[in-house]
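Single-structure report; data block below.
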């Protein structure tokens, strides 16, 4: 079950990471999601916090949601609607790893291959 508080915690950690910067492409893997909190007020709070990083300084950020299951697609559709009020964020949904990576400009066709390449860097 995905909760807004968990998302805020993880995003807070990301914001503190030295590699965090506006415009950084984002891959959000929702494959393991079995359910999600449907508190829409909290969802908008989470999105508002994210927009501080993703769209600061007028830089656009591409967000690709990997949603291969019914519940992941349902959640990603909700997330896409929650981004509508915010400029500077381009959210997209894909149901295949290869499709998600292609949207991000990655040559790999699987997350395993992407992680393998990242380990080499």
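Numbering (the numbering used here), first residue to last: 782 to 902. Cβ atoms here follow ideal geometry from the backbone N, Cα and C, with glycine treated the same way. All values reported here derive from a predicted model rather than from experimental measurement.
(Q) With H, G and I counted as helix, E and B as strand and the rest as coil, what does DSSP make of residue 874? (A) strand
Q) In three-state terms, what does DSSP make of residue 834? A) helix
Q) Does the distance from the CB of residue 848 to the CB of residue 870 come in under 7 Å? A) no
Q. What's the call for residue 788, buried or exposed, on a 16-neighbour Cβ count within 10 Å?
A. buried
Q | Cβ-based burial, residue 902 [other Cβ within 10 Å; buried from 16] | A | exposed
Q. Roughly how many whole angstroms lie between the Cα atoms of residue 798 and residue 841?
A. 19 Å
(Q) Quick check on the DSSP output: the beta strand (DSSP E) that includes residue 809 runs from which residue to which? (A) 807 to 810
Q | Collapsed DSSP secondary structure at residue 791 in the structure displayed | A | helix
Q. Can you give the Cα-Cα distance for residue 859 and residue 784, rounded to whole angstroms?
A. 14 Å
Q. Does DSSP put residue 896 in a helix, a strand or coil?
A. helix
Q. What residues are listed by DSSP as bridge partners for residue 843?
A. 871
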